[in-house]
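Heads up: the structure comes next, in structure tokens.
In the working numbering, the protein residues as written are 45 to 215.
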């Protein structure tokens, strides 16, 4: 099972194109649209929506997040494995809640272009990089075959609720 979470909207074919790439590589894949209506480039909103959804999916689900203000820049693309699923996303903080809540079994910087569509577009890594990587993962390709191991990633502080002295909850 592969989930998709993007800021693409549904007025055009971008989200559907990602599904097509996945299904061309793995025709038996189940693709679930979490949402394509994240506000444009709102990494924190995407991180929150992902955090509210992924715990309810099977532990072997592959979650693809494409909310990527840095597309076409030098930012890295990541794939990581946790006991609660596999996550494929840009290295821009969108996986911050995952890092805060899950133990990371393995994490790679996606560098193996054999698992991408080529040529790689400067503006559509969802189609050319993230979707094909997810499809190959769903076929059993090992994370270690997709890139170089890394130990760090961009993260933002995840707000935690606080109980005040008067018993009210903040956050």
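Yeah, the Cβ is synthetic: ideal placement off N, Cα and C, and Gly gets one too. All values derive from a computational prediction rather than experimental measurement.
- Assigned with DSSP and collapsed to three states, residue 190 falls in coil, not helix or strand.
- Between residue 190 and residue 154, the gap from beta carbon to beta carbon is short of 8 Å.
- Under the three-state reduction of DSSP output, residue 77 falls in the strand class.
- In its chain, beyond the 5 residues on either side, 149, 150, 187 have a beta carbon closer than 6 Å to the beta carbon of residue 125.
- If only uninterrupted beta strand (DSSP E) runs of at least 3 residues are considered, those enclosed by the region 78-141 are 106-110, 121-126, 129-134.
- For residue 47, there is no enclosing alpha helix (DSSP H); the enclosing beta strand (DSSP E) has its first and last residue at 46-50.
- Per DSSP, residue 161 has no beta bridge partner at all.
- In the three-state DSSP reduction, residue 63 falls in the helix class (H, G or I).
- Judged by DSSP in its simplified three-state form, residue 148 adopts coil rather than helix or strand.
- DSSP places residue 202 in no alpha helix (DSSP H); its state is neither H nor E.
- Here residue 46 is buried. Its C-beta has 16 or more other C-beta atoms within 10 Å.
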